[in-house]
Amino acid sequence: MATKARVLKPAAMPPRSIGRSLLLTLPIAVWSLLMFANPQRHLIRSEKVASLITAVFMIALFFLMMRTGSTYRWRRFFFVALGVLFPVGFIHTVMVMRGTMGIPIEEMIAGRTPFCYLPIPLLILPAAFTKSLVFPGSLLPGGGMSGAGMAAMAGMWLAITLVVGKGWCSYACFFGGIEEGMAAVRPRAKLRKIDPRWRYGPWAVLLAMVLLSLALFEPAYCMWLCPFKAVSEYVAARNTVGMVQNGIFVVLFAGLVIALPLLTKKRTQCAFFCPFGAFQSIFNKTSAFDVKIDRARCSPCVLCKTACPTMSLTDESIARGETLMSCMKCGACVDVCPKQAVVWHIKGTEVACKPERARLMFLYAAWAMAVMFGGTVIAGGLATILHVFV
Amino acid sequence: MATPLILGEALALGLASGPACMASCGPVLVPSLLAERAGLRLNAGFLSAFLGARFLGYLLFAAVAWGLGVLLVLPQAQRLLLFGVVHVLLAGVLLWYAYAAGHTCAQSCAHSELVRISVTKKRGLPGAAALGFLTGVSLCPPFVAAGVRAAGLGSVAAALLFFAVFFVGTSIWFVPFVGLGCVARNEAVTTVARMAMVLIALYYAYLGFVMLMGRRVHGY
């Protein structure tokens, strides 16, 4: 079966006409222009150019999705750009503000820590018990991110999450792009046999970190395990503990974000480690969209299982005609299926009932979010590069 | 002599401190309960062994606190040594537990049916007791408050009684943990519990070694 799977080629969907593709792209084009041509903000030249490039980039990618019928291939350009340009903009900002990427303890105590969405699941229980946040961001005016800002971010996350579920991890998260890029470097995986039990890793990290955060009253994940501290804002290492923390960040980043994606062609940090991803999986149950397998068409060649970057398809789940709840809705399995048996689906409808319509509805929601959230980050990173180097 | 007022104080202190005790024991108790078999009765048995051993730890602490009267004013180096050893032992027991759960599974889980952990009852209860005892002798803030009060009582019996009542107050908060017995056990749940135990054990081992090196962490 494996040999057979290798020779199968995805059945190319006949391309849409240019006119129809443009028409379908029009709502996203209008949305992008609204997002990037904000007349109320006074932009400097590099920001204007970056906004323009980003708007064209996002509109062009959506147009190509409409024209070719392929989702994953074009989304990946956006996602890698997001993953690479986020640290560029972020590091530049902290360097300008503080002169170093290391955050000293006084700054943490003062609450001058940018709020990131990753600790959201870790904050819920301590907040329920104590009515306070175990995050060194401040709710006080003038003390870092304002309460309104933090609430707005949490509210935006919740609204988006209820619609796209774990699609957040493929269209909004600014951490997954680097590993997706690394996973794309080699044509074939070097490490192919991965124990499927590693899929439970994110849940274990989530459980351990929630319990430790509650017990120790510190954001345990941010303090000890976040691989992205290595490329954003690490602990100012003034003592042994700081050195140990930074050592852990660097080792995890090098292993889970660089080396393992390169060897396995999987998003290893997202699939085997990220506690936010595990938490986000729960919202796949509330999302209206999912990916299904039309059993009448499926051979099964298991190309989808091989292509899935998060190991969210197993033989059993394929037999059931569905993905696991860890599915990030990236579209890799849909693109690769030679029989077009893997389809986008709206819950409550028949499987394979107008799957392209389901794809369009999902993509409008997901891409609007991508433009608003990721597009802003990409524009920020580009503006930094233009401002500093050009 | 422990008057009803003092016992009432112990109970109130226990009830008030319960959430802190629950949070402090959660990292040890939740994964180890999830690694056990499902069922309210089985989980209640595990929790009883855990709490019983924790009670012994409390009584030992009360006797030492009253008898020596000095535990809380021990030189910092000795205190760090004591609690460093406790943390390292706790990490060791958690690691052993995670390994033992997997070992049992490897022998009994031929295929992907529900994983049956701890088919022999021999491992579960001693493991729970070891974990309970080690968490019982850790110095969490409410425990220190109770220790200070017990140390000032007139006799060792009064100190022991004070701690017993304090224990009852805190233990009420642990009852909801029995509900974890209702969580269906399958390969996913037990594997997640075992992996979480390893992570938590590594953290406790780190805390223990840092304390053994003479550095203060988390107020110890």
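Protein chains in written order, with the working numbering: chain A, 1 to 390; chain B, 1001 to 1220. Cβ atoms here follow ideal geometry from the backbone N, Cα and C, with glycine treated the same way. Since we're looking at a predicted model, the values are computed, not measured.
DSSP places E1187 of chain B in the helix class (H, G or I) of the three-state scheme. Our two residues, C301 of chain A and S70 of chain A, have alpha carbons roughly 19 Å apart in a direct line. Less than 7 Å divides the Cβ of L386 of chain A from the Cβ of S46 of chain A. Minimum Cα-Cα distance from G331 of chain A among the listed residues A:M369, A:H345 and A:P87 corresponds to A:H345. Scanning chain B for C-beta atoms nearer than 7 Å to the C-beta of V205 of chain A yields L1199, reported in chain order. R186 of chain A has a beta carbon lying at 7 Å or more from every beta carbon in chain B. Only buried fits H1087 of chain B, as 16 or more other CB atoms lie within 10 angstroms of its CB.
Of the residues B:F1167, B:V1144 and B:F1050, the one whose Cα lies closest to the Cα of F1177 of chain B is B:F1050. Straight through space, the alpha carbons of G1052 of chain B and A1130 of chain B are spaced by roughly 10 Å. Contact annotation: F273 of chain A and V205 of chain A have beta-carbon atoms nearer than 7 Å. The residue among A:T310, A:R73, A:E316 and A:G176 with its C-alpha nearest the C-alpha of F228 of chain A is A:G176. Nearest to Y1206 of chain B by alpha-carbon distance, out of B:V1030, B:A1145, B:N1043 and B:V1085, is B:V1085. Distance from the Cα of F249 of chain A is smallest, within the candidate group A:V80, A:K193, A:V336 and A:A220, for A:A220.
In the structure shown, F1046 of chain B adopts helical secondary structure according to DSSP, grouped into three states. In terms of beta-carbon proximity, A1146 of chain B stays away from the interface with chain A, with every pair separated by 7 Å or more. Annotation: the continuous alpha helix (DSSP H) that includes K305 of chain A extends over L303 to A307. Using a Cβ-Cβ distance cut-off of 8 Å, the segment 321-339 of chain A and the segment 287-300 of chain A are in contact, since at least three pairs of beta carbons, one from each stretch, lie closer than that value. In terms of beta-carbon proximity, P1176 of chain B stays away from the interface with chain A, with every pair separated by 7 Å or more. For R238 of chain A, no chain B residue has a C-beta closer than 8 Å to its own C-beta; the minimum C-beta separation is roughly 13 Å.
For G255 of chain A, the closest alpha carbon among the candidates A:M243, A:R75 and A:T268 is that of A:T268. Taking 7 Å as the cut-off, the Cβ atoms of V1210 of chain B and W203 of chain A do not count as close. Taken atom to atom, the span from the alpha-carbon of L1047 of chain B to that of V244 of chain A is near 35 Å. E322 of chain A is bridged by DSSP to A:K292.
Its chain contains K339, Q340, A341 and A352 as the residues whose beta carbon lies nearer than 8 Å to that of R297 of chain A, once the 5 sequence neighbours on both sides are disregarded; these appear in chain order. Those residues of the segment 174-202 of chain A placed with their C-beta closer than 8 Å to a C-beta in chain B are R197, Y200 and G201, ordered along the chain. Using beta-carbon distances, M1211 of chain B does not count as an interface residue toward chain A, since no partner is under 7 Å. Per DSSP, I346 of chain A is one residue of the beta strand (DSSP E) stretching across V342 to I346. Of all alpha-carbon atoms in A:L26, A:P15 and A:L22, the one lying nearest the alpha-carbon of A368 of chain A is that of A:L26. Following the DSSP letters along the chain, one finds P1142 of chain B inside the alpha helix (DSSP H) bounded by residues P1141 to A1151. P300 of chain A: not part of any alpha helix (DSSP H); DSSP gives it neither H nor E.
By the CB criterion at 7 Å, A1201 of chain B and A1091 of chain B fall inside the cutoff. Taking the Cβ atoms as the reference, R1041 of chain B lies roughly 14 Å from R1185 of chain B, outside the contact range of under 8 Å. Of all residues in the segment 211-223 of chain A, only L211, L212, L214, A215 and L216 come within less than 7 Å of chain B when Cβ atoms are compared, listed by chain position. A1188 of chain B and I194 of chain A have their C-alpha atoms spaced approximately 16 Å apart.
Note on geometry: alpha-carbon atoms of K305 of chain A and V390 of chain A lie some 44 Å from one another. W367 of chain A: member of the alpha helix (DSSP H) spanning P355 to M369, first to last residue.
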